[in-house]
Amino acid sequence: MKWSNQFPTKATSPPNTHAPPPHPPRLPGHPGQLRRPGNRQARPDFTAKDKDGKTVSLADFKGKTVVLEWYNPGCPYVKKFYDVGAMQNAQKDAIGQGVVWLVINSGKHKLNDAAGYLPRHP
């Protein structure tokens with residue numbers, strides 16, 4: 494069967510229910526569309542502790558390109574991309590070009606719980 498974005502080509506085909514919404518999502522109580530910060534626009538600062546307990550601030554990397562990776566060791570997609578080395582390769586390539594790559598553990602696992610996972614997935 495051939496599919497189009499709007500209508501199936503055969504009467505027995507189910508309709509395409511995976512079409513994108515007609516408009517971008519809106520913030521609750523905000524009449525306009527969501528806006529993304531432009532390139533080179535300052536991002537809000539934040540601080541967090543690194544794996545060694547040292548406080549790191551986004552402001553520490555002012556003027557540099559920073560990638561923020563939200564990491565959850567319980568996520569099957571995270572596991573897949575780390576298990577095949579895809580994330581490590583992307584990190585090494587970016588860091589080799591002077592990019593700062595910060596990994597933020599957004600899972601329920603605390604640092605001590607993730608300590609066994611980190612050596613296997615540097």
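Quick note on numbering: the sequence shown equals residues 494 to 615 in this note's numbering.
Beta carbons: idealized from backbone N, C-alpha and C, even for Gly.
Being a predicted model, the structure only gives us computed values, none of them experimental.
(request) Can you check the stretch 525-605 for any beta strand (DSSP E) of at least 3 residues that lies completely inside it and give the ranges in chain order? (result) 540-542, 548-550, 559-564 and 593-598
(message) I need the straight-line Cα distance from N582 to F574, nearest angstrom please.
(response) 10 Å
(request) Ignore the nearest five residues each way along the sequence and tell me which others in K572's own chain have a CB closer than 8 Å to its CB. (result) P566
(message) Can you list, in chain order, the residues of its chain with a C-beta nearer than 7 Å to that of F554? Leave out the 5 residues immediately preceding and following it.
(response) V593
(request) Output the distance between the C-alpha atoms of F539 and S599, rounded to the nearest integer angstrom. (result) 15 Å
(request) Could you tell me if Y564 is buried or exposed, where buried requires 16 or more neighbouring beta carbons within 10 angstroms of its beta carbon? (result) buried
(message) Beta-carbon within less than 6 Å of V559's beta-carbon, same chain only, minus the 5 sequence neighbours each way: which residues are those?
(response) V593
(request) Have a look at D543 and L595 and give me their C-alpha separation to the nearest angstrom. (result) 9 Å
(request) Report the rounded CA-to-CA distance for S550 versus A541, giving the unit in angstroms. (result) 7 Å
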